[in-house]
Structure formats: structure tokens, C-alpha cells
């Protein structure tokens with residue numbers, strides 16, 4: 065079988081499987097707790113998150129971020145803890161459109177042969193995004209968000225800000 069025919073057959077089989085798959089029941093997340101991981105785009109920071117939906121459209125999330133980067137004799141380590149309020153103005157059968165506001169405390173430490181530096185501060189991160197529940201596996205939520213993150217360092221009187229995003233997965237118990 066030629067390569068072109070094989071690709072066509074795989075495409076048709078995939079489309080048929082998607083169309084024949086049973087429709088998922090509405091994912092009921094009200095009163096459920098979920099735990100998962102997320103990755104900040106363009107950074108090495110990984111977050112462990114715990115999310116609780118008070119109602120279908122209102123939730124809270126606690127997050128712990130961690131990043132460690134070693135290059136030669138230098139080591140950069142940072143962590144942050146945050147709480148996020150989540151509101152879903154649009155709730156569909158298998159998805160939610162999300163708006164959120166996250167606030168938190170962060171700490172960063174740089175170790176070099178010339179000396180060490182340590183700073184801490186706070187951040188705020190308003191964002192929009194979506195969460196999708198998989199058909200046949202409604203306990204798993206795949207999510208993404210994009211927002212404007214503003215950070216202020218108390219020790220160095222430094223600020224950073226900009227658009228950033230994250231992707232993640234949460235399993236609801």
C-alpha cells in the first residue's frame with residue numbers, strides 16, 4: 065500500500081472513530097476536588113495545583129510553583145505559592161470558559177561563585193482560559209490559560225510584567 069493511501073486510510077479511520085464515539089455526559093464538577101500539574105509556557109516552572117469547584121461556575125485553586133536551573137557554577141531556584149479564584153461564565157457539556165485571578169508570594173535565590181542573592185515578593189495574574197473534559201473520561205480536565213502576570217520584588221525593588229500562559233491537566237476525585 066502506498067504512503068498516500070495509508071495516510072488517507074488512517075485519516076478516514078480516525079474521523080470515523082471520532083464520529084462514532086459515544087457522546088460524553090455532562091462533567092459534574094460541583095463539590096469535587098482535583099489535583100494536577102501545569103507548565104508555564106516559556107519557563108521551566110512546573111506547578112502542582114489543587115482545584116475545588118464550589119459550584120459548577122465558581123472555584124478555588126491553590127498552587128505551588130517550583131523551578132530549578134543549573135548552568136555551570138550558577139544555580140537559580142525559585143518557588144511560589146498562590147491562590148486563585150476561578151469563575152466560569154460559560155459552562156458547556158464538556159468544557160468551561162474560565163476567567164481567573166491569581167495572587168501569590170514568590171521567592172528566588174541565585175547561587176554563584178561570586179556570591180549569593182535572594183529576593184522575595186508578590187505577584188498577581190488575571191487570566192482567561194478553558195477547561196476540557198475528555199469524552200469517556202470526564203474526571204480528567206485539560207486546561208490552558210493566558211493572562212497578564214505582574215511581579216514585584218520587595219527586596220530588590222524590581223518589577224516584571226508581561227503576557228504569559230500555561231497548560232495543564234487536573235484529575236477530579
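Numbering (my numbering), first residue to last: 65 to 237.
Note that beta-carbon positions come from the ideal geometry of N, C-alpha and C, so glycine has one too.
### Anticipated Cβ contact below 8 Å, residue 158 with residue 196, distance rounded
Locating residue 158 in the chain shown gives position 94, counting from the first residue. Locating residue 196 in the chain shown gives position 132, counting from the first residue. Indeed they touch by this definition, with Cβ atoms about 6 Å apart.
### Message
Using 8 Å as the cut-off, can you tell me whether the region 175–188 makes contact with the region 206–216, which would need three or more C-beta pairs spanning the two stretches below that distance?
### Response
yes
### Task
Determine which residues share a DSSP beta bridge with residue 142 and list them.
For the purposes of this step, residue 142 is taken as the residue at position 78 of the chain shown. Note: residue 142 sits in a beta bridge opposite 131 and 172.
### Task
Figure out for me which residue from 198, 228 and 203 has the closest Cα to the Cα of residue 210.
Counting from 1 along the chain shown, the entry for residue 210 is found at position 146. Of the listed residues, the one whose Cα sits closest to residue 210 is 228.
#### Entry: Sequence-distant residues of its chain with Cβ nearer than 8 Å to residue 235 (five each side left out)
Taking the first residue of the chain shown as position 1, residue 235 is located at position 171. Same-chain partners within the cutoff: 98, 99, 100, 203, 204 and 205.
### Message
On the DSSP bridge list, what partners appear for residue 216?
### Response
Residue 216 sits at position 152 when you count from the first residue of the chain shown. Per DSSP, 186 and 223.
### Query
Which class does residue 90 belong to by DSSP, given the choice of helix, strand or coil?
Reading the chain shown from its first residue, position 26 is the one you call residue 90. The predicted model places residue 90 with a pLDDT of 49, which falls under 50 and marks its position as unreliable, so this point remains unresolved.
### Query
Ends of the beta strand (DSSP E) at residue 103?
As a working mapping, residue 103 is identified with position 39 in the chain shown. Unbroken beta strand (DSSP E) run through residue 103: 97–104.
### Query
Is it the case that the CB of residue 118 approaches a heavy atom of the ligand FMN more closely than 6 Å?
For the structure depicted, the ligand FMN is absent and the ligand set is empty, with no information on it obtainable.
### Query
What are the residues that DSSP puts in a beta bridge with residue 180?
Here residue 180 corresponds to residue number 116 of the chain shown, with the count starting at 1. Residue 180 pairs with 175.
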